[in-house]
Structures are given as C-alpha cells and as structure tokens.
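Chains as they are written, first to last, in this note's numbering: chain A, 14 to 373; chain B, 14 to 373.
Glycine residues also receive a C-beta, built at the ideal position from the N, C-alpha and C atoms.
If you're wondering where the values come from, they're calculated on a predicted model, not measured in any experiment.
Number of protein chains: 2
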Amino acid sequence: MARVYNFSAGPAVLPEPVLAQVRDELLDWHGSGMSVMEMSHRGKEFIDIQHQAETDLRALLGVPSNYKVLFLQGGASLQFSMVPLNLLPVGGHADYVLTGSWAKKAAAEAKRYGTVNVAASSADTNFNRIPTQAELRLDPAAAYVHITGNNTIFGTEYHYTPDTGAVPLVNDASSNILSRPLDVSRFGLIYAGAQKNVGPAGLTLVIVRDDLIGRCREGAPTLLDYAIHAENDSAYNTPPTFAIYVAGLVFKHLLKLGGLPAVEKANIDKAELLYGLLDRSAFYNCPTEPASRSRMNVPFTLTNAELDATFLAEAKKAGLVQLKGHRSVGGMRASIYNAMPLAGVQALVDFMTDFERRYG
Amino acid sequence: MARVYNFSAGPAVLPEPVLAQVRDELLDWHGSGMSVMEMSHRGKEFIDIQHQAETDLRALLGVPSNYKVLFLQGGASLQFSMVPLNLLPVGGHADYVLTGSWAKKAAAEAKRYGTVNVAASSADTNFNRIPTQAELRLDPAAAYVHITGNNTIFGTEYHYTPDTGAVPLVNDASSNILSRPLDVSRFGLIYAGAQKNVGPAGLTLVIVRDDLIGRCREGAPTLLDYAIHAENDSAYNTPPTFAIYVAGLVFKHLLKLGGLPAVEKANIDKAELLYGLLDRSAFYNCPTEPASRSRMNVPFTLTNAELDATFLAEAKKAGLVQLKGHRSVGGMRASIYNAMPLAGVQALVDFMTDFERRYG
Chain A
14 MARVYNFSAG PAVLPEPVLA QVRDELLDWH GSGMSVMEMS HRGKEFIDIQ
64 HQAETDLRAL LGVPSNYKVL FLQGGASLQF SMVPLNLLPV GGHADYVLTG
114 SWAKKAAAEA KRYGTVNVAA SSADTNFNRI PTQAELRLDP AAAYVHITGN
164 NTIFGTEYHY TPDTGAVPLV NDASSNILSR PLDVSRFGLI YAGAQKNVGP
214 AGLTLVIVRD DLIGRCREGA PTLLDYAIHA ENDSAYNTPP TFAIYVAGLV
264 FKHLLKLGGL PAVEKANIDK AELLYGLLDR SAFYNCPTEP ASRSRMNVPF
314 TLTNAELDAT FLAEAKKAGL VQLKGHRSVG GMRASIYNAM PLAGVQALVD
364 FMTDFERRYG
Chain B
14 MARVYNFSAG PAVLPEPVLA QVRDELLDWH GSGMSVMEMS HRGKEFIDIQ
64 HQAETDLRAL LGVPSNYKVL FLQGGASLQF SMVPLNLLPV GGHADYVLTG
114 SWAKKAAAEA KRYGTVNVAA SSADTNFNRI PTQAELRLDP AAAYVHITGN
164 NTIFGTEYHY TPDTGAVPLV NDASSNILSR PLDVSRFGLI YAGAQKNVGP
214 AGLTLVIVRD DLIGRCREGA PTLLDYAIHA ENDSAYNTPP TFAIYVAGLV
264 FKHLLKLGGL PAVEKANIDK AELLYGLLDR SAFYNCPTEP ASRSRMNVPF
314 TLTNAELDAT FLAEAKKAGL VQLKGHRSVG GMRASIYNAM PLAGVQALVD
364 FMTDFERRYG
C-alpha cells in the first residue's frame with residue numbers, strides 16, 4: 014500500500030524525508046558501522062547527535078541561554094508529577110487553568126503535593142474554548158501557573174501567552190510545540206511529549222529556566238529531579254537515544270523548511286482550509302469557538318451521526334485514516350500536525366465535500 | 014564502512030536481521046501505509062504489535078499466568094525508585110545484595126523510603142565475585158530481597174537463584190535477561206532496561222507477580238504505581254511504541270533461534286572462547302573469580318597498561334569497537350550480549366592473540 018494520510022492524534026505522522034533518512038541510516042549511521050540504536054550513549058557519535066539535536070531545537074525556538082533543554086522519558090504524564098515535585102514547595106499552592114482532559118489530569122496529580130487553585134475553566138461549555146486573559150483569576154503568591162497550550166481532545170489552543178507577572182508560567186506544549194514561534198522567555202518551564210510534532214513516543218522535551226532547577230522536594234525519586242538531568246546533560250541514566258536521534262532529524266527538517274515562521278504559515282493554511290469547509294457546511298459542525306480553535310487538532314461532527322461509520326469506512330478506503338473522534342467529543346477528529354502536508358488536508362476536504370454531496 | 018563488531022555495554026549490538034526488518038518496514042508497516050512510529054498506541058495495528066511482543070516474551074521466559082508483563086519507561090534507574098515505592102511498606106525494611114555500582118545505586122535509592130539491610134557485599138574485593146547462598150544474611154521479615162542478576166561494570170553474574178524463602182526476590186536483570194533460561198516463578202519481580210539484550214533504550218521490562226501489584230504507597234507519583242500500568246495494559250499513557258515494536262522483533266528472532274536454551278548455549282560458547290584466552294595468557298588478566306564470571310560483560314586488563322591506548326586504536330582499525338573498560342575497573346571490557354555473533358568473539362580473540370604476539 015502507498016503511504017496514507019494519517020490523522021492520528023499521536024503518535025502521529027512524521028515527515029517522510031525524515032523517515033527515509035532513518036531507513037537509509039538504520040544499519041550504518043554515517044559510516045560508523047552501527048545503528049544509532051546500538052550506540053553507547055557515552056560514545057562520541059551519540060553525544061554529537063544529542064548535542065546537534067539540542068543546538069537545532071534551541072535555534073528553532075530561540076531558547077535563551079538561561080534555559081536548560083532536557084531530553085527525558087515518561088511523557089507529559091510524568092511531567093504532571095515532576096512539575097509540582099520540583100516547583101511546588103511543601104504547603105505551597107499553584108494555579109491551574111482547566112481547558113480539557115489533560116489539564117484536569119495535570120491538576121489532579123498536582124493536588125497530591127499541594128493546593129491547586131483553578132484559575133479558570135471552560136468545563137461548563139465542554140472545553141470548547143480557551144479562557145481569556147481577563148478571565149484568569151491569578152494569585153500573585155502562586156508557585157506557578159500551569160496551562161495546556163493545545164488541547165488534543167477538545168481541539169482548542171492558546172493564541173496568546175498569559176501574562177502571569179512574576180509567577181512562572183508552565184506550559185504543557187505536547188501537541189503544539191514547534192507548530193509556531195513561541196517566546197520561551199515568557200515561560201518558566203515548557204514540556205512536551207514527543208509523539209506529535211517532535212518524534213517517536215518515549216521522549217519528553219523539557220525546557221526550563223535555570224532558577225527553577227534545584228528546588229526538588231526532599232524524598233522525591235532521584236529521576237524526577239530536574240537538577241539531576243540538567244547536571245548530567247540528560248544522561249544521568251541511559252536516555253532514549255534513538256528517539257532523540259529521530260527528533261534531531263525532525264528539528265533539522267524544520268530548519269530547512271525555514272524555521273517556525275514558515276511552519277506556522279503552513280499550519281495556518283492547512284487549518285483555514287479545513288475550518289473553512291466546516292464553517293461553510295451545515296452537514297458538518299465544529300464544536301469549538303473560532304477564537305480558540307487549534308491548528309493541530311480539528312474535531313468535527315456530522316449533523317447526522319448515523320453516517321459516522323460510513324464516513325470513517327469510506328475515508329479509510331480513500332487513504333484517510335485515524336479520523337475517529339475522541340469519545341469525550343464524539344464524531345471525528347483530524348489531527349493535522351506539522352508533518353501533515355497541505356495535500357493531505359486538501360484530500361480530506363475534497364473527500365468531505367464529495368461525501369456531503371453524496372449523503373447530504 | 015561495513016558493520017563493525019560492537020562490544021558496547023549498552024545501548025548495544027542488536028541482531029542484524031531485526032535491524033534489516035526494521036529498515037524494510039520503516040515507512041510502511043505490513044501495508045498499513047505508515048511507520049510504526051506514526052501509529053496511534055490505541056489503534057488495532059499497534060495493539061496487535063504489543064500483544065504479540067508480550068506473547069513472545071512470555072513464551073521465551075515461560076512467564077507464569079499469575080505474573081504481569083509491563084512495558085514501561087525510565088530504565089532500571091526508575092525501577093530503583095518504583096520497587097521500594099511499591100513493595101516497601103512505610104517503616105519497612107528490605108535486603109539488598111551489593112555486587113557492584115548498580116546494586117549500590119538501587120540500595121541508595123531504596124534508603125529514601127525505608128531501611129536497607131545489606132544482606133551481603135563483595136565490595137571488599139572490588140566486586141569481583143557474587144556472594145554464595147551461604148553468605149546471604151537474609152531477614153525472613155524483609156519486604157523483599159534485591160539482587161542485580163548481572164553486573165555490567167564488574168563483569169559478574171549470578172549462576173544460581175538465591176533461595177529467599179517466602180520473601181519476594183527482586184532481580185535487576187537489565188544486562189542478562191533473555192541470555193539464559195530463568196525460572197520466573199522463583200522471583201517476585203524482574204526488571205530490565207531494554208538496551209542490552211532486548212531493544213532500543215527507552216523501554217523497561219517489568220515482570221511482576223500479581224500479589225505484589227496494588228501496594229504502592231500513598232502520594233507516590235501516579236506513573237510510578239505498577240497497578241496503574243497493569244490495569245491499563247501498559248497504555249495508561251503513551252508507551253514507547255517503536256521500542257516495543259523492535260523488542261518484539263528481537264523476541265521473535267530469539268524464538269526462531271530455538272529459544273533461550275539455544276541462546277544460552279551460544280552465550281556459553283562465546284564466553285568460554287574469550288575467558289579461555291584470558292586464562293591461558295599472562296599478557297591479559299581477568300579480575301573476576303571464575304565461578305562468578307558474567308557471560309555478557311568480560312572485563313580484562315593488559316599486564317602492561319601502557320599498551321592500552323595502542324590496543325584500543327588497533328582494535329578499532331580491525332573493526333572491533335567500544336572495548337574501553339569502565340573507569341571503576343580500568344583496562345578493557347568486551348560486552349558480548351545475545352546479538353554478538355560467535356564470529357565477533359572469534360575476531361576479538363584472534364586480534365588479541367595477534368596483539369600479544371606482536372607486543373608481548
């Protein structure tokens with residue numbers, strides 16, 4: 014079968030040139046006579062690979078020199094624990110903005126370690142929007158403010174960076190990191206599971222300001238202390254070497270495309286194409302408020318839900334896969350991350366237009 | 014360059030047929046039109062891959078039905094925390110057998126959560142041997158007994174399974190799992206970082222008896238609770254999907270070779286070939302006691318340490334790489350895991366014989 018258009022929410026489509034390079038180098042990386050999978054993480058070859066990946070990530074995001082870049086494991090879910098264990102003092106409190114399932118999970122985990130204030134929530138409208146700056150009830154004494162930059166399930170995304178004053182802003186950027194420029198200096202800590210825009214599952218990126226490192230609470234598991242990883246260049250224990258290598262190739266690929274301004278432009282074009290159809294049509298509906306819509310995850314429903322199964326089956330036949338929506342929203346979801354080409358979104362829109370013509 | 018013989022202690026050499034299959038399937042797994050890296054962990058394709066990997070691992074090790082197999086992240090180092098957080102009650106104590114650097118690290122981490130008794134140690138002879146059953150000062154009231162089945166740095170290995178009575182035996186099998194048959198029923202819990210005999214770094218195997226699940230201490234990070242992973246088939250959060258896929262191919266490969274009895278025989282042949290040379294020669298020395306020698310990691314020194322750099326440089330020219338020893342032991346170390354062919358060990362022995370002839 015030819016390559017399909019894969020709209021999975023994650024793990025998700027990766028750039029085809031990156032996959033082709035991984036394939037070509039699989040048994041012999043750059044004449045080393047071995048696969049990257051087989052390299053010691055303490056050997057010169059792999060240290061160079063990791064260093065280049067960090068350099069390219071810093072270039073892409075313009076990471077200031079007073080921030081560390083860490084390559085960790087455990088996904089965003091382990092960050093739900095590490096953030097409070099490192100940033101929330103015993104007896105302290107933190108502000109969480111609830112914009113979906115992952116934000117709620119992050120807040121629930123933080124409650125194990127201190128007081129969580131809900132600074133704002135869009136639960137009353139089934140998380141179909143992002144609270145505005147004016148709605149945020151921020152506590153200047155909070156240890157940090159936690160947001161979920163993009164909500165994979167509900168299809169919403171921050172199109173502004175909250176002003177939290179002197180309180181560190183923590184951003185779960187798992188599903189929109191590298192999809193647009195980001196002023197890292199506005200954040201205390203950014204974390205992201207790799208499996209959407211970065212690379213294979215099993216790698217977690219953490220970008221953290223120096224002054225927030227070294228505050229881990231006593232008795233926390235050693236591996237959950239950011240300082241341990243920062244002091245050891247993410248090699249206190251064996252890092253997920255192959256995933257770091259693939260991520261590095263993705264970073265290089267994005268730089269070649271023109272960096273994040275070019276990536277953002279492409280993502281805007283793709284999103285406008287799909288949302289345009291949803292807004293024009295009475296056959297399809299989009300549950301999210303226009304000002305909060307994600308460029309990465311586009312949930313939509315068919316007005317006649319009895320057609321859902323037919324839609325999915327016919328889409329699959331047309332090479333458009335992984336479109337079933339999350340059970341919290343129902344219907345469909347098209348995840349159109351960086352690596353989804355405009356041609357893939359066009360193919361989806363063409364299919365949807367034709368489907369509406371035939372069944373509408 | 015052709016493929017080299019890679020004696021890295023980990024990440025380490027993988028079976029070439031497995032790497033070739035990974036390469037061939039990289040952009041399109043079994044006609045799915047996507048890479049395994051791009052598959053949703055909740056989709057049928059990947060669930061089948063993980064299920065097959067578990068089935069094959071169970072077949073290889075004869076895992077009894079009252080044991081769960083978990084595919085986790087964080088390496089053995091995170092298990093150093095998870096084992097006491099799950100098995101050591103507040104105020105409890107555990108027995109640790111100290112046979113090297115990793116055993117000491119495991120014990121140090123456990124001390125954060127309770128009392129650690131040193132049941133035996135070979136520190137006084139720089140960890141060149143494994144304590145015998147008679148030397149183990151075991152406490153029948155201990156929550157568990159922890160051993161390090163193979164010691165990567167010091168090159169020793171248990172050739173017996175300690176009898177711990179009713180006390181659960183916990184085994185860090187990171188560097189010798191799948192190198193020999195193991196009676197899983199003798200253990201309460203076995204864990205292993207994947208990057209020696211299993212697959213890419215970033216995957217950790219845990220095999221745990223049912224009755225030891227569900228005891229995690231309150232307030233522990235959610236992801237550090239074995240029960241969470243057991244209840245969710247290791248997919249509470251996104252697992253390291255690609256590493257699981259590669260590990261599954263390794264399991265299938267080992268089954269095709271005849272399973273662990275055949276693998277063990279090959280490993281004995283390789284180890285005897287190399288230790289035979291070390292014992293015959295006065296030019297080379299092996300620091301480990303014969304009865305405790307590891308079949309996986311063979312440390313050795315040159316009587317004239319001034320030749321070390323020459324040895325390593327000439328070995329590399331001959332396509333024999335990653336032979337530098339760990340700083341704790343000095344000299345050289347040849348890691349000869351499952352995927353190192355006999356021809357690789359023969360090439361090393363031939364090189365060493367020739368080197369001795371020329372410099373001895």
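In the three-state reduction of the DSSP assignment, residue 289 of chain B falls in the helix class.
Rounded to the nearest whole angstrom, the CA to CA distance from residue 224 of chain A to residue 49 of chain B is 39 Å.
Look at residue 165 of chain A here: in three-state DSSP terms it is coil, with no helix or strand label. Distance from the Cα of residue 343 of chain A is smallest, within the candidate group A:261, A:320 and A:285, for A:320. Nearest C-alpha to residue 249 of chain A among A:255, A:261, A:260 and A:235: A:235. At least one beta carbon of chain A lies nearer than 8 Å to the beta carbon of residue 122 of chain B.
One alpha carbon belongs to residue 85 of chain A, the other to residue 216 of chain A, and they sit about 6 Å apart. Taking the CA atoms as reference points, residue 183 of chain A sits about 41 Å from residue 37 of chain B. For residue 205 of chain A, the uninterrupted beta strand (DSSP E) segment begins and ends at 202-206. Around residue 148 of chain B, no beta-carbon contact reaches into chain A at under 7 Å, the shortest distance being about 29 Å.
Selection A:291, A:246, A:254 and A:371 evaluated against residue 346 of chain A yields A:291 as nearest (Cα-Cα). Per DSSP, the beta bridge partners of residue 298 of chain A are A:314. If you ignore the 5 residues before and after residue 308 of chain A, its C-beta comes within less than 6 Å of the C-beta of 280 and 284, all in its own chain and listed in chain order.
Assignment of residue 157 of chain B by DSSP, reduced to helix, strand and coil, places it in the coil class. Residue 341 of chain B sits away from residue 226 of chain B, with the two beta carbons spaced by 8 Å or more. Residue 345 of chain A is bridged by DSSP to A:313 and A:337.
Against chain A, a Cβ distance below 7 Å from residue 172 of chain B picks out nothing, because the smallest value is about 26 Å. The CB of residue 183 of chain B never comes closer than 8 Å to any CB in chain A; the least such distance is about 16 Å.
Proximity of chain B to residue 61 of chain A at the Cβ level (cut-off 7 Å) is not reached, the minimal Cβ distance being about 15 Å.
Within chain B, 23, 24, 208 and 214 have C-beta atoms less than 9 Å from the C-beta of residue 54 of chain A, given in sequence order. The DSSP-derived three-state label of residue 308 of chain B is coil. The C-beta distance from residue 286 of chain B to residue 358 of chain B rounds to 5 Å, short enough to meet the 8 Å contact threshold. Between the alpha carbons of residue 131 of chain B and residue 108 of chain B lies a gap of roughly 6 Å. Within the same chain, Cβ atoms closer than 7 Å to the Cβ of residue 103 of chain B are found at 230, the five residues on either side in sequence being excluded.
No Cβ of chain B is located within less than 8 Å of the beta carbon of residue 267 of chain A. If you look at residue 96 of chain A, you'll find it in the alpha helix (DSSP H) that goes 88-100.
Against chain A, the CB of residue 145 of chain B has no partner CB under 8 Å away; the residue lies outside that interface. Below the 7 Å Cβ cutoff, chain A contributes 236 and 250 as neighbours of residue 90 of chain B, in chain order.
When DSSP states are grouped into helix, strand and coil, residue 151 of chain A belongs to the coil group. CA-to-CA, the gap between residue 206 of chain B and residue 299 of chain A works out to about 44 Å.
Against residue 125 of chain A, the close residues of chain B are 232, in the order they occur along the chain (beta-carbon pairs closer than 7 Å).
If you draw a straight line from the Cα of residue 114 of chain A to the Cα of residue 244 of chain A, it is about 33 Å long.
When C-beta distances to chain A are compared with 8 Å, the residues of the region 326-356 of chain B below that value are 332, 334 and 335, in chain order. For residue 36 of chain B, the closest Cβ of chain A is nearer than 8 Å.
Under DSSP, residue 81 of chain A shares a beta bridge with A:221. Membership of residue 361 of chain B in the alpha helix (DSSP H) is indicated by the continuous run 355-372.
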